[in-house]
Amino acid sequence: MRTFRVEGIIIKRKDLGEADRILTVFTKQKGKIQVIAKGVRKVISRRSPHTELLNLSVMGLYSGRMLILTEASTIDSFSDIKNDLKKATYAFYVCELVDGLLAENQEHKQIFDLIKRCLFEIEIVDNPKPVIKKFEQEILILLGFWPKERLFLEDSEGYIENIMERKIKTKRILPQEF
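Everything in the sequence shown is counted per this note's numbering, starting at -9 for the first residue and increasing by one.
Below you can see the structure in the form of structure tokens.
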């Protein structure tokens, strides 16, 4: 079957050519995937609002040499996060961790649910820091990098950077109390 539908959260995007964009989407069914969204940067594109960062969307994809976005509809745009700079910073940190820690095309339904729950919690709380600390611990446990017996991770960013083998870029713009 060359066309299929997935539910996913857009965690990264990169412009391609004049009107196209490459999206990194973390999906419930396929894990982290790369999708080409043709023409979404055009003013008249009907898919453009559904392919914004942090959107939880249902996407129709065509499988060729690369996955091509054929249709999209937004389930939740997390507008409260996007309207609050502090919350948006924490949400982008979550996206960077997911992109850096997970391999492509590997299904992780528990992690998809964890990301979705984390974004919903960031949207409603005043201080997202405890939500992020809990997210870091849970994703490390689910991926097998951290034993369940040890409850507290003192230098989570340093530990995660060692796993990713690179610095976390969003760490520079996180609030100082993080």
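Virtual Cβ for every residue (Gly too), placed ideally from N, Cα, C.
Fill in: For residue -8, the nearest candidate out of 52, 114 and 105 (CA to CA)
Numbered from its first residue, the sequence shown carries residue -8 at position 2. Of the candidates 52, 114 and 105, the one whose C-alpha sits nearest the C-alpha of residue -8 is 52.
Practice prompt. Please check the pair residue 70 and residue 46, which I expect to be a contact at CB under 8 Å, by giving their CB distance rounded to whole angstroms.
Written response: Position 80 of the sequence shown, counted from the first residue, corresponds to residue 70. Position 56 of the sequence shown, counted from the first residue, corresponds to residue 46. Not quite, the Cβ-Cβ distance comes to about 13 Å (not below 8 Å), so this is no contact.
Discussion item. Quick check on the burial criterion: 16 or more other C-beta atoms within 10 angstroms. Buried or exposed for residue 49?
Written reply: By one-based count along the sequence shown, residue 49 stands at place 59. Looking at its Cβ environment, which holds 16 or more other Cβ atoms inside 10 Å, residue 49 is buried.
Worksheet item: What's the gap between the Cα of residue 161 and the Cα of residue 79?
Response: For the purposes of this step, residue 161 is taken as residue 171 along the sequence shown, with counting starting at 1. For the purposes of this step, residue 79 is taken as residue 89 along the sequence shown, with counting starting at 1. The alpha-carbon atoms of residue 161 and residue 79 are separated by roughly 9 Å.
Fill in: According to DSSP, residues forming a beta bridge with residue 15
In the sequence shown, counting from the first residue as 1, residue 15 sits at position 25. Answer by DSSP bridge pairing, in chain order: 0 and 23.
Worksheet entry | Proximal residues to residue 9 (C-beta, below 7 Å), its chain only, five neighbours per side dropped | Stepping through the sequence shown from its first residue, residue 9 is reached at position 19. Result list for residue 9: 29, 31 and 32, in chain order.
Practice prompt. Taking residue 133 as the reference, give the member of 100, 111 and 151 with the closest Cα.
Written response: Sequence index remark: in the sequence shown, residue 133 carries index 143 (1-based). The residue with the shortest Cα to Cα distance from residue 133 is 100.
Worksheet item: With distances taken from CA atoms, which of 13, 4 and 77 is nearest residue -2?
Response: Locating residue -2 in the sequence shown gives position 8, where the first residue counts as 1. Among 13, 4 and 77, the Cα nearest to that of residue -2 is on 13.
Discussion item. Which complete alpha helix (DSSP H) runs does the region 37 to 102 hold, if anything under 4 residues is left out?
Written reply: 69 to 72 and 75 to 91
Practice prompt. Compare the C-alpha of residue 126 against each of 105, 23 and 93 and name the closest.
Written response: Taking the first residue of the sequence shown as 1, we reach residue 126 at position 136. Answer by Cα proximity: 105.
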